[in-house]
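>
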Amino acid sequence: MTKYNYADSRRLPADASPLAGHYYTDPAILQEEVEKIFQSMWTCAGREDEIPEPGDYITRQIGNANVIIVRGEDRKVRAFYNNCRHRGTRICSEPSGRVKGSFQCPYHAWTYGLDGQLIGAPHMAEVENFDKSKFPLAGVGCDVWAGHIFFNLDPNRKPLWEQLEKMPKIMERFNLGDLRRAGRHAYDIKANWKLIVENYSECYHCPLIHPQLNRVTNYLNGGNDAMGANFNGGFQIIGDQFSTLTVKGKKTRPYFKGITKDDQKRVYYYVIYPNLLLSVHPDYLMTHTLWPKEPGVTYVVCEWHFDPEVMKRSDFDPSDAVGFWDMTNKQDWHVCEISQLGVASKGYIPGPFTHQEELLYEFDRFVLDRLAGRTNRKPALAS
Amino acid sequence: MTKYNYADSRRLPADASPLAGHYYTDPAILQEEVEKIFQSMWTCAGREDEIPEPGDYITRQIGNANVIIVRGEDRKVRAFYNNCRHRGTRICSEPSGRVKGSFQCPYHAWTYGLDGQLIGAPHMAEVENFDKSKFPLAGVGCDVWAGHIFFNLDPNRKPLWEQLEKMPKIMERFNLGDLRRAGRHAYDIKANWKLIVENYSECYHCPLIHPQLNRVTNYLNGGNDAMGANFNGGFQIIGDQFSTLTVKGKKTRPYFKGITKDDQKRVYYYVIYPNLLLSVHPDYLMTHTLWPKEPGVTYVVCEWHFDPEVMKRSDFDPSDAVGFWDMTNKQDWHVCEISQLGVASKGYIPGPFTHQEELLYEFDRFVLDRLAGRTNRKPALAS
Amino acid sequence: MTKYNYADSRRLPADASPLAGHYYTDPAILQEEVEKIFQSMWTCAGREDEIPEPGDYITRQIGNANVIIVRGEDRKVRAFYNNCRHRGTRICSEPSGRVKGSFQCPYHAWTYGLDGQLIGAPHMAEVENFDKSKFPLAGVGCDVWAGHIFFNLDPNRKPLWEQLEKMPKIMERFNLGDLRRAGRHAYDIKANWKLIVENYSECYHCPLIHPQLNRVTNYLNGGNDAMGANFNGGFQIIGDQFSTLTVKGKKTRPYFKGITKDDQKRVYYYVIYPNLLLSVHPDYLMTHTLWPKEPGVTYVVCEWHFDPEVMKRSDFDPSDAVGFWDMTNKQDWHVCEISQLGVASKGYIPGPFTHQEELLYEFDRFVLDRLAGRTNRKPALAS
């Protein structure tokens, strides 16, 4: 067993403590979070390789907004509100699909190009002064980093790279943009989205909740190595006799190209605020995207991504990684759900943190800063 | 193809536009609509022939009110709140039924005549000063027009005929009161009641949504011929090779007696505010009654009514009409539901109307007038 | 038929009437009741013999509070909020169970003795100034009367015996503490908790609702013999040819030891505010505990308790009592549910009471007093 990194950490203020109960249960708080966090920041929609061809689209719901994300004829990815400009009808009802060159509203046949321009509106020519160019699909911010699609509903948004800060540089050598998806699970979890982030942010619970995970990456071997205004995270060290996180703890795939010796023995866990969890293994990437639905309900999409070169091999099989983490996910969702029951109860008194839980404090400060309108925050803990 | 009537219409103001999204989603707005529209106007309960004999009753729920409508020993139809005057218990739990001369509360056996008078109250004689005559079932307004039963919860209500205005005169020659029901479908629709009225009020959607309907009555052939303070509507012209709205577009029944040559080639569509849709075909009547349950949920009862003389024939079969419209209804409910999803979303911006959608504007003005307390409104568009 | 006791009662004020409708439907009223009644009084959790051994526990939910009730190593029964002092996680997820000497939080393994003391908290020793003794499970009031466990969330609570007043003395000769449970049914009822108490408090409904019960104890033969600030009740007389309340009306068990001649022909019905209904038969005890969940939903646990000496007999069979009352319960729940539909409706006007319904008035005064903050109330009716 190697050195105990977390014990070195002494960054938490003496009175550091989890959030009060109403932050996890009050519909008004969730509504504020939706408006001030999810609808005002770059939120991750998923991976670009889900829409490889022009006309391929996905839809995403965040709060009361439904968004179409589509690849254009010019191969650029764009995002629009999923509403016809005539009487507001939802245009695409499915979570994903493919159209041929245009979207047609199923109600009155108003038709829009993949760039959002209105190209057909039956009988509107008979209406005095009607000008087609004034009624495109309402566009929202859309950009891509390392294969991850982000969208932003804020009309006054800053560019994606400003929000991501040093994260692209930190991840650069992994070339995550090249990866392709080989597995997907979706979960409806009866817990507040913040409990899921908080659960992800510490391994203090691993001995009890994740015996299989803890065997491969002991909960005491790791450290927090990245702290930004809009992300945080760290890594855990893979035990001597293991090589990656799978049921057997052994790699059946080569290492990602270009990674360091250290990287070969680490799993990195980053929270990219507000909704992307990035788990970088020596040979595969796992992502979670979080979608708050109610104060006590969150929809989570978990996906596994691999080097497309490796995926071409006849013996490629992602199930050791997918199966291991599906099991581990479910262990986590269970404790998140009993946490939700607890923090929703009158008897909940926020208690003291261990040093291993400092990232919870950091993430909670992010939430409180956004709720208070402090959009230009700095990390609370030193990097 | 005959003349294009809708194109002649130039009645909409330049800035006419659908209602804002919260009108379709806000529970407080629905509560106001229930109080200022459904519980303050004559609301249609259904057809008189559903309760042909003394003691036959139906119950209806509108907002938080539940009402019994019963035919008395004198054959008159009356309406009462469905509450015992003792401790308020719901007396009739079923949507319809038959009692023998009286209603008995199932809790403590208080018993009421079909005229609502309290005729039995065990042990109340032992209570000092108890006066049976002071505790009848609480009556509400009830009247019948053309076979349609209406009830009115407003203690200061005006007579039904004042609300109906010219509608009885317009429909007189059809003798709708003589018809009898031969079909019924009920639907729970995940859409606001106003979206359902609005969908009924234009055929601009027919080419895309209703290919079968549009084949028989082309969406461009028709006009709006009736505009009142409390109703509106128009007609569509049946194509040359067709004779009524059925799957085949052919009549298997004689025309209604007494109708004009024009009537024989028309289907009339009237919205009798707030909740009755009257669809008069050359050989049958279809009615919809609308019952808002939540901002995004409406219960709709659709019925088909025929000449009882014709119903006696051995070859009488209503299924060509019932089946055609059940299919067409479901096509409409689907677009109403995706409309609801759309107008409930952040991306909804009310857009411009075509000339074919002027009745939506008229109906929306009715709603806004009632919400603003303008009960003596005039139609917004010229008749 | 013996003398008609209820008719002697002339205690109700002339204007006595049931509560207005919003008391049964308004979530804000229920929230107030939870806080001012259920979370501020001694509330009955069930029977002590459900947790006979050290480490046996039950959990109970009242409003937003979840409580563990556990028997300690010293055999004393104690109650705690079911929340870990670390991050609030619910510790026990099951309604009952057994632990070996301690509770361990399933999230991070914080461990508590059966007396609530924190005895293990991994890695907290590394946290400066952490003092284990300051983080016990948060205790709440717990006491036992006659085998019934009560808990009290009010930090300023008075002792249980003050709340129970004369009730222990009234019940003394029955030695209810010695009884053991032999039957249990739980019900989810779509009615406000007060409608269930009110239904329990009068037999005016018995002829219509309970023909089987009314055959054995005629609804006119009985009286109200106990009225306190925090309880009320009375008795009904068993008909000449019957001996207890079962399907056949015949006893197959001996009388409770030590009861009077009068007791042998009576069934006593007491409401111990706020949530315990005590039905004392000559040969068995039935209890109901009521758990409000929503304004219109109550969870009710009904249990049957017998002399353990009798239970040892080879021919002991509780099913005549359990089956009779399960049938009778369901008859009551049905009328409670149509009562809820009634009082939730616009047409509900509270009416006059019969003399047989005086306990409803008394109970309603209790509720109104507590809502108004009058915790030192006196009974409204003379005892």
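Chains as they are written, first to last, in this note's numbering: chain A, 1 to 383; chain B, 1 to 383; chain C, 1 to 383. Backbone N, C-alpha and C fix where the C-beta goes; we use that ideal spot for every residue, glycine too.
(1) Closer than 8 angstroms, Cβ to any Cβ of chain C: which residues of the stretch 338 to 371 of chain A, in chain order?
(2) C/I51 and C/R60 look like a contact to me (Cβ under 8 angstroms); what is the Cβ gap, rounded to whole Å?
(3) Within 10 angstroms of the Cβ of A/T2, are there 16 or more other Cβ atoms? Answer buried if so, exposed if not.
(4) Decide yes or no for the touch test of the stretch 326 to 337 of chain A against the stretch 182 to 200 of chain A: beta carbon pairs closer than 8 angstroms, at least 3 of them.
(5) Do the stretch 222 to 229 of chain A and the stretch 161 to 172 of chain A make contact, defined as three or more Cβ pairs closer than 8 angstroms?
(6) Please name the residues in the stretch 207 to 233 of chain B whose beta-carbon is closer than 8 angstroms to at least one beta-carbon of chain A, in chain order.
(7) Helix, strand or coil for C/I149 per DSSP?
(8) Taking the C-alpha atoms as reference points, what is the distance between A/I349 and B/P295?
(9) Shortest alpha-carbon distance to A/A45 belongs to which of A/I272, A/H355, A/L371 and A/V297?
(10) Helix, strand or coil for B/T59, going by three-state DSSP, please let me know.
(11) Quick one: Cα of C/G147 to Cα of C/C203, how far?
(12) For chain A, is any of its Cβ atoms less than 8 angstroms away from the one on C/E126?
(13) Quick one: any contact between the stretch 339 to 353 of chain A and the stretch 120 to 139 of chain C, if contact means 3 or more CB pairs under 8 angstroms?
(14) Quick one: complete alpha helix (DSSP H) runs, 4+ long, within the stretch 18 to 51 of chain A?
(15) Going by CA-CA distance only, name the one from C/L276, C/Y219, C/E162 and C/L290 that's closest to C/R266.
(16) Per DSSP, which residues does B/E73 bridge with? Please list them.
(17) Which residues in chain C have a C-beta closer than 9 angstroms to the C-beta of A/P18? List them in chain order.
(18) With 7 angstroms as the limit, tell me which residues of the stretch 97 to 121 of chain A have their beta carbon closer than that to any beta carbon of chain B; keep them in chain order.
(19) So B/K251 packs on B/T260, CB below 8 angstroms; how close in whole Å?
(20) Roughly how many angstroms lie between the CA atoms of A/L30 and A/L290, to the nearest whole one?
(21) Report the rounded CA-to-CA distance for B/T354 versus B/G249, giving the unit in angstroms.
(22) Using the beta-carbon count (16 or more within 10 Å), is B/P318 buried or exposed?
(23) Going by DSSP, name the residue or residues bridged to A/R313.
(24) What distance in whole Å lies between the Cβ atoms of B/R180 and B/H305, which are believed to be in contact at a cut-off of 8 angstroms?
(25) Are the C-beta of B/A65 and some C-beta of chain C separated by less than 8 angstroms?
(26) Quick one: using the 10 Å Cβ neighbour count with 16 as the cut-off for buried, is A/D418 buried or exposed?
(27) Just checking: is the beta-carbon of B/H205 within a distance shorter than 8 angstroms of some beta-carbon in chain A?
(28) Less than 8 angstroms between CB atoms is the rule here; does B/V335 satisfy it with respect to chain A?
(29) What residue range is occupied by the uninterrupted alpha helix (DSSP H) comprising B/N167?
(30) For B/S93, tell me which candidate among C/G351, C/A372, C/L371 and C/G342 has the shortest Cα-Cα distance.
(31) Just the chain B side, please: which residues come within less than 9 angstroms of A/N152 by C-beta, in chain order?
(32) Under a three-way DSSP split, which group does A/F130 fall into?
(33) By a C-beta neighbour count over all protein chains shown, 10 Å radius and 16 as the cutoff for buried, is B/R47 buried or exposed?
(34) Between the alpha carbons of C/G183 and C/V322, how many angstroms are there, rounded?
(35) Is the Cβ-Cβ distance between C/C206 and C/N199 less than 8 angstroms?
(36) If I follow the unbroken beta strand (DSSP E) through B/T375, where does it start and stop?
Taking the structure as given:
(1) I338, S339, L341, G342, V343, A344, S345, K346, G347, Y348, I349, P350, G351, P352, F353, T354, H355 and Q356
(2) At roughly 12 angstroms, the Cβ-Cβ gap does not stay under 8 angstroms, so C/I51 and C/R60 are not in contact.
(3) Any reading at A/T2 is ruled out, since the residue's pLDDT is 42, under 50, leaving its predicted position unreliable.
(4) yes
(5) yes
(6) P207, L208 and I209
(7) strand
(8) 38 angstroms
(9) A/I272
(10) strand
(11) 28 angstroms
(12) yes
(13) yes
(14) 27 to 33
(15) C/Y219
(16) The partner list for B/E73 (beta bridge, DSSP) is empty, contrary to what the question assumes.
(17) H86, R87 and G88
(18) P106, Y107, H108 and A109
(19) B/K251 to B/T260, Cβ: 16 angstroms. No contact.
(20) 14 angstroms
(21) 28 angstroms
(22) buried
(23) None; A/R313 has no bridge partner.
(24) 6 angstroms
(25) yes
(26) Residue 418 of chain A cannot be examined here, being either before or after the span of chain A that is shown, 1 to 383.
(27) yes
(28) yes
(29) First, the amino acid is wrong: residue 167 of chain B is Met here, not Asn. B/M167 -> alpha helix (DSSP H) spans M167 to M171.
(30) C/G342
(31) Near A/N152 there are no residues of chain B at all, since even the closest Cβ is about 13 angstroms away, more than 9 angstroms.
(32) coil
(33) buried
(34) 7 angstroms
(35) no
(36) Unbroken run through B/T375: none, as it is neither H nor E.
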